[in-house]
Amino acid sequence: MRFFFLLALVAGAANAEVRLPKILSSHAVLQRDTPLHIWGWSDPGETVSISFNGVTDSARGDRLGRWSVYLPPQSAGGPYQLSIAGTNKLLLDDILIGDVWFASGQSNMAMPLAGFPGSAVVKNAEEEIRNANQPALRLLLIPRKPSAYPLNDFDGNASWTDCTPETAAKFSAVAYFFGREIASREHVAVGLIDSTWGGTPAEAWVSLDSLSADSSLMPVFATWSKMANEQTDLPAVRLAEKQEDEAARQAHAAAPKHPWHPNPESWDPAWLFNGMIAPAVNYAIKGVIWYQGETNTALARAPMYHKVFSTLIADWRRQWQEGEFPFLFVQISSFRSDETENWAIVRDAQRQTLSVANTAMAVTIDIGDPDNVHPSDKQTVGMRLALAARAIAYHEDVRYSGPLFRQATPEGNSIRVWFDDAAGGLVAKGGASEGFEIAGEDKKFVVASARIDGAGVVLTSDRVKSPKYARYGWQNAPTVNLYNTAGLPASPFTSE
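Numbering (my numbering), first residue to last: 187 to 682.
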């Protein structure tokens, strides 16, 4: 693998002209208040001069033609020009200094503002696209490229663009709504990087070094090849795809590509990290927003999700070398899957990942679509992520989390569940609280009656005389209605 990586580096240097990585282009946003990393390739030994906003520095290409400089941190502003001069001269225009957010995951993060034609649409998409002229937003859509080894640049024609109806329509809807809210609230330019691929598992986005360093993750390598050859068997997805295929057949057109099914290579552990993350880790960011987990509900994957996901977060922070930057993620929503309770298992694994420092979770159990794995309400998802960012990244005093399970305390023939993030008490929207179950020592859960008591809920059932365990929303598509007074939904959980 090291041999191929060196070949890639040599290939990058085998050009007499000074070259920049694709992530550095006109219309980019560079991260404020941190050293500005400018890098690229030239002839070995060539001196390259870099000028930006009145600051000039130089670097010399090493034996592989790589060069790199760090310019002093700058506060928000622009637009500026970035000049790179060696045997040739490069001039990048319209560069802003602001905050850069890296958006990644699978199809619910990948779903563009225009939706997936014929199978999933974004709520009010036409109006949202018409209003997508957002001068404070800049967009970078990363080409989908799996790789057996870490790449030093992105594949294809990636470059930053202004945010217009045309560019936003093809860009992650969740990231767009998140970025629009942050730019408005924080009064700063926001650069959004969309590095997503539908239907992909978390382990594909983790570096091989991190996966192989932990022996408890070895089962990942034992299961991926089997999963890569399986076809998605989600009824709602299948029905929508069949409708698209039939419409194409009647129109004598090619059948559309379905976003749930990736190139089999993209299932491989580390391959998406290599092709779609590694080229970005030299580019300073404010933080990450992540929406993924549906593919990891498969029977072989669900029990390992907490470990894999925690490893991914630690891996990315190590790769970027920017400390514990904010990592904000979406808990997967409701979907009527054939799997018995695997979606609930992954949701609880995501909840447990909140033990990782500087993370936050947007709960979406209340805005899903049981019959479509791609819910239409991406606005609320983006807004809840933005709430988390305002608290975690921008240190605003805002309530950003719904009620989170703290502990369950048996009290004779009842059990009391205590919640964090329940200041002011709990609310059951629409009447009595739904979605709770309790069990005794036998762990055979039954539906429970629930009574809200301040920041807790007291659960009982005539069928369980001495309850020991409690859970909430423990189905793939549960009926739940518990919120805090900030209007944010409680996360599903189990006390087992």
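Yeah, the Cβ is synthetic: ideal placement off N, Cα and C, and Gly gets one too.
- Between Ser520 and Pro664 the beta-carbon gap is near 6 Å, inside 8 Å, which marks them as a contact.
- DSSP places Thr646 inside the beta strand (DSSP E), whose first and last residues are 642–646.
- Contact check for Ile283 against Gly264 passes: the beta carbons are separated by less than 8 Å.
- The C-beta of Ser401 has fewer than 16 other C-beta atoms within 10 Å across all chains shown, which makes the residue exposed.
- Sequence-distant Cβ neighbours of Gln505 in its own chain, meaning closer than 6 Å and more than five residues away, are Val467.
- The Cβ-Cβ distance between Ala575 and Ile368 falls below 8 Å.
- Here Lys630 carries a coil assignment [DSSP, helix/strand/coil].
- For Leu498 and Arg649, the gap between their C-alpha atoms comes out near 42 Å.
- Considered as a whole, the region 271–336 harbours 293–296, 311–316 as its complete alpha helix (DSSP H) runs of no fewer than 4 residues, in chain order.
- Pairing Leu326 with Thr353 gives a Cβ-Cβ distance that is not under 8 Å.
- Secondary structure note for Gln565: its alpha helix (DSSP H) is the uninterrupted segment 564–578.
- By the criterion of at least three beta-carbon pairs nearer than 8 Å, the region 525–538 is not in contact with the region 248–260.
- In this chain, the alpha helix (DSSP H) harbouring Ala500 covers 491–506.
- The beta-carbon separation of Ala608 and Asn670, rounded to 5 Å, stays under the 8 Å limit for a contact.
- Selection Asn460, Tyr586, Gln538, Gly588 evaluated against Ser681 yields Gln538 as nearest (Cα-Cα).
- Buried is the label assigned to His560, since at least 16 other Cβ atoms lie within 10 Å of its Cβ.
- When C-alpha distances from Phe238 are compared across Ala636, Pro221, Phe631, the shortest belongs to Pro221.
- Beta-bridge annotation (DSSP): Met404 is not paired with any residue.
- Inclusion of Pro465 and Phe340 in the CB contact set at 8 Å is warranted, their separation being smaller than that value.
- For Tyr362, the enclosing alpha helix (DSSP H) has its first and last residue at 359–372.
- Its chain contains Gly226, Ser228, Val234, Ile270, Gly272, Thr273, Asn274, Leu276 as the residues whose beta carbon lies nearer than 7 Å to that of Val204, once the 5 sequence neighbours on both sides are disregarded; these appear in chain order.
- When C-beta atoms of the region 536–553 are compared with those of the region 330–339, fewer than three pairs fall below 8 Å, so the two segments do not count as touching.
- Closest option to Gly509, judged by alpha-carbon separation, among Arg533, Gln478, Ala543, Gly231: Ala543.
- By DSSP's assignment, Ile224 forms a beta bridge with Val255.
- With respect to Gly385, Ser293 sits close: the two C-beta atoms are nearer than 8 Å.
- DSSP places Thr233 inside the beta strand (DSSP E), whose first and last residues are 233–238.
- Between Pro653 and Glu597, the alpha-carbon positions lie close to 8 Å from each other.
- In the three-state reduction of the DSSP assignment, Asn670 falls in the strand class, which pools E and B.
- Val584 and Leu612 do not touch by the CB rule: their CB atoms are close to 19 Å apart, not below 8 Å.
- Looking from the CA of Gly610, the closest CA among Ile638, Ala594, Gly616, Ala488 belongs to Ile638.
- Shown here, Ser398 sits in a helix according to DSSP, grouped into three states.
- For the pair Val255 and Ala245, the Cα-to-Cα distance works out to about 6 Å.
- Residue pairing by DSSP places Leu268 opposite Phe238, Leu278 in a beta bridge.
- Closest by C-alpha distance to Trp502, out of Ile224, Ala546, Lys615, Ile471, is Ile471.
- DSSP, read as helix, strand or coil, puts Thr386 in coil.
- Around the beta carbon of Gly568, a 10 Å sphere encloses 16 or more other beta carbons of the protein chains shown; the residue is thus reported as buried.
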